[in-house]
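Structure record follows, encoded as C-alpha cells.
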Amino acid sequence: MINIAILYHSEKGRTKIVAEEIGKGAMVGGAEVHLISVIAEIDWDLLHRCDALVFGSPTYMGSVSAPFKKFMDDSGNVWMKHVWKDKIAAGFTNSHSYSGDKLNVLVQMAIFAAQHGMIWVGSGDMPTGSTPDDLNRLGSFMGVMTQSDTAIAIDPPPLGDRKTAFNYGMRIAEMAKKLLG
Ligand SMILES: Cc1cc2nc3c(=O)[nH]c(=O)nc-3n(C[C@H](O)[C@H](O)[C@H](O)COP(=O)(O)O)c2cc1C
0 MINIAILYHS EKGRTKIVAE EIGKGAMVGG AEVHLISVIA EIDWDLLHRC
50 DALVFGSPTY MGSVSAPFKK FMDDSGNVWM KHVWKDKIAA GFTNSHSYSG
100 DKLNVLVQMA IFAAQHGMIW VGSGDMPTGS TPDDLNRLGS FMGVMTQSDT
150 AIAIDPPPLG DRKTAFNYGM RIAEMAKKLL G
C-alpha cells in the first residue's frame, strides 16, 4: 500500500481543513495517510518510509510560515543523504486574499522538493469557474491554493476549494501508485 504523509502548519485551523480534505482524497485513492502537524515532534523514520510527502502551510507575508520553514530547515540532515530522492512531493497553501502571493509559497515548496530530489505533482483540476463552489477557482496549477476570508463570509475555505483539495489527494495517491507502486 502507498503511504502518504501530509505535513502541515495551521495556526487557526483553515490549512488543517485543507490537509484533511487532501487526506480523505488520498485514502479514496488507496493510500494510507499520516496527517502530521509540523509543530509536533517529527517522526523522521516515518517520513522516510512514506512514498509521498505533501507540504501545507498558510501564506504568511507572501511566504511559508515560520514553523513550516523550521521543518524545511530541520530536514537538512535528510537532504545530506538524499533520503527522499524519487519520492512524490506536492504542496498546498491557504491564505486570506485571492492572490495574497500564494504562488510564492508553492514555488518555495517545489524548490524544497527539488532540493530533496523529489518528483513534484501539480494540481490536476481545470478551473470550472470562479465561484466558491467551483473547482480550482483560483486557477492554480503548481499545487492547490485555497482562500478563506472572514470579512466576506468565505471561512473556512469553501466547498469548491475543499473538493479541489480532495481531488488533489486522489491524484497524489494515483500518481504515487503509477510511478512507485
Ligand atoms: C503573520 C501573518 C501573515 C499573513 N500574510 C498573508 C499574506 O501574505 N497573504 C494573505 O493572503 N494572507 C496572509 N495572512 C492570512 C493567513 O494566510 C490566513 O489567515 C490563513 O487562513 C491562516 O491559516 P490557518 O487558519 O491555517 O492558520 C497572514 C496571516 C498572518 C497571521
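Mapped onto numbering that gives the first Met the number 0, the consecutive letters of the sequence shown carry residue numbers 0 to 180. The beta carbon of each residue, even a glycine, is placed where N, CA and C say it ideally should be.
Quick one: does the C-beta of histidine 95 sit closer than 6 angstroms to a heavy atom of ligand 1?
yes
Taking 7 angstroms as the cut-off, decide whether the C-beta atoms of leucine 52 and alanine 30 are in contact.
no
If you reduce the DSSP assignment to three classes, tell me which class methionine 144 lands in.
strand
Leaving out five residues before and five after glutamate 20 in sequence, what residues of the same chain have Cβ atoms less than 6 angstroms from its Cβ?
Arg161, Ala164, Phe165
Taking 6 angstroms as the limit between beta carbons, can you name the residues of its chain near threonine 14, skipping five residues before and five after?
Tyr7, Gly55, Pro57, Asn93
For the beta strand (DSSP E) that alanine 30 lies in, which residues bound it at each end?
30-36
Do you know offhand how far aspartate 72's Cα is from arginine 136's?
32 angstroms
Quick check on DSSP: helix, strand or coil for threonine 58?
strand
How many angstroms separate the CA atom of isoleucine 110 from the CA atom of glycine 75?
14 angstroms
Would you say the beta carbon of threonine 149 comes nearer than 6 angstroms to a heavy atom of ligand 1?
no
Among the candidates Gly12, Glu40, Ser9, Val32, whose CA atom is the shortest distance from the CA of isoleucine 171?
Val32
Near serine 139, which residues of its chain fall below 8 angstroms by C-beta distance, leaving aside the five closest residues on each side in sequence?
Lys101, Leu102, Leu105, Ser122
Please tell me whether, using a cut-off of 6 angstroms, the distance from the CB of methionine 144 to the nearest non-hydrogen atom of ligand 1 is below it.
no
Nearest neighbour of histidine 81, chosen from His115, Phe91, Arg48 [CA to CA]:
His115
Which residues in the same chain as methionine 26 place their Cβ atom closer than 6 angstroms to its Cβ, once the five residues preceding and following it in sequence are excluded?
Val32
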